[in-house]
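K.L.:
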Amino acid sequence: MKKVGLLAGLSLALIVAGCGSEETGGQTGSIGEQLEYTITGIDAGAGIMAATEDAIEEYGLSDYNLQPSSGAAMTSALDDAISNEKAIVVTGWTPHWKFAKYDLKYLEDPKGVFGAEEQIHTFARLGLDTDLPEAYEVLDNFYWEPEHMGAIMVDVNEGKDPVEAAAEWVENNQDIVSTWTEGVNPVDGDAITLSFVAWDSEIASTHMIGKVLEDLGYNVTLTQLEPGPLWASIATGAADAMVSAWLPGTHAAYLADYEGDIVDLGVNLEGAKIGLVVPAYMDIDSIEDLQ
Ligand code: PBE
């Protein structure tokens with residue numbers, strides 16, 4: 006009798022364990038329950054937050070709560086979830102070091118709420134072309150590839166100070182940098198202010214172009230702001246330029262607010278993207294699967 010009971014108990018345990026392993030990290034229930042109906046977001050003013058609110062509406066995800074935090078808090082929640090193989094969905098973007106560090110996937114967006122490919126533009130305040138023509142020319146020439154930005158981001162994620170990581174990149178990539186600075190006269194300590202938001206991609210680009218201008222002789226100030234104040238700083242002239250404008254989709258509302266009060270110096274990076282991102286081990290492929 007004892008033996009039979011033991012065997013029965015064992016096979017029951019095996020069945021339970023077998024069921025549990027079908028679910029992400031031992032979590033049970035629907036995808037929504039596993040996610041606690043939470044989408045892990047970033048700072049409230051980011052374009053991707055507005056796009057995610059639209060996605061919640063368009064895909065009928067009204068049970069979900071978009072949790073605002075910051076870029077750093079989002080990646081730390083992602084790291085925690087992945088260490089425990091738990092379900093998580095985050096507001097994600099490319100270029101970003103998280104894709105080099107973790108096995109992740111964008112959820113398909115059949116309704117196109119997050120748009121297609123994005124470009125990052127450089128914007129200057131009105132009058133920068135006449136006030137600081139050398140800086141204007143360099144900023145106007147500035148163009149690089151996602152892998153260049155990615156290299157700085159990875160260094161910073163691995164613990165390097167952004168100032169140092171950017172300086173090293175500039176030093177090691179003079180062939181690229183010289184295409185922006187060729188024929189531009191050096192200056193003697195003129196002040197220039199660049200504004201940026203503490204997104205990892207923009208920390209990398211702003212420190213990099215700041216270092217290029219410093220090498221040209223500028224006295225460079227980098228000012229970290231929230232997304233709304235970032236755009237306002239260029240429109241009011243409180244800052245001279247920024248290299249952090251994601252278009253045509255992500256920052257369309259900000260551009261509409263300030264068009265005419267700011268100068269578009271064109272694209273500095275192509276092949277950017279925003280969307281909802283999950284670890285590759287999650288058993289869903291589309292935003293529709295969150296329903
Ligand atoms: N981002 C990174 C920003 C633009 C750059 C995608 C987080 C945003 O959503 O506004």
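Per this note's numbering, residue 6 is the first one in the sequence shown, and the count goes up by one each step.
Every residue, glycine too, gets a C-beta built ideally from N, C-alpha and C.
If you're wondering where the values come from, they're calculated on a predicted model, not measured in any experiment.
1. So, using beta-carbon positions, are T268 and L131 closer together than 8 Å?
2. Can you name the residues that DSSP bridges to A261?
3. Looking only at its own chain, which residues have a Cβ that is under 6 Å from the Cβ of K116, when we skip the five neighbours before and after it?
4. Is it the case that the CB of E207 approaches a heavy atom of the ligand PBE more closely than 7 Å?
5. I279: beta carbon under 7 Å from a heavy atom of the ligand PBE?
6. Have a look at Q39, Q72, Y42 and flag the residue whose alpha-carbon is nearest the alpha-carbon of A55.
7. Whole angstroms are fine: how far does the CA of A170 sit from the CA of L112?
8. In the DSSP assignment, the alpha helix (DSSP H) including W185 goes from what residue to what residue?
9. Should the stretch 200-213 be called in touch with the stretch 167-182, which here means at least 3 C-beta pairs below 8 Å?
10. So the alpha helix (DSSP H) I61 belongs to, where does it begin and stop?
11. In terms of residue numbering, what span does the beta strand (DSSP E) encompassing S200 cover?
12. For Q4, is the classification buried or exposed, using 16 other Cβ atoms within 10 angstroms of its Cβ as the cut-off for buried?
13. Quick one: is Q229 buried, meaning 16 or more other Cβ sit within 10 Å of its Cβ, or exposed?
14. For the beta strand (DSSP E) that F128 lies in, which residues bound it at each end?
P.N.:
By the coordinates alone:
1. The sequence shown places Val at residue 268, not Thr. The answer is yes: Cβ separation under 8 Å.
2. Residue pairing of A261 in beta bridges, as defined by DSSP: absent, with no partner found.
3. Closer than 6 Å at the Cβ level, and outside the excluded window around K116, lie E63.
4. E207: yes, Cβ under 7 Å from the ligand PBE.
5. At a threshold of 7 Å, I279 counts as near the ligand PBE, since its beta carbon sits closer than that to one of the ligand's heavy atoms.
6. Relative to A55, the option among Q39, Q72, Y42 whose CA is nearest is Q72.
7. So the two alpha carbons sit approximately 31 Å from each other.
8. Unbroken alpha helix (DSSP H) run through W185: 179-186.
9. Result yes; three or more Cβ-Cβ pairs closer than 8 Å.
10. First-last of the alpha helix (DSSP H) with I61: 52-63.
11. Element bounds for S200: 196-201.
12. In the structure displayed, the chain extends from 6 to 296; residue 4 sits before or after that span and is not available.
13. Answer is exposed; the Cβ neighbour count stays below 16.
14. Note, F128: beta strand (DSSP E), 123-130.
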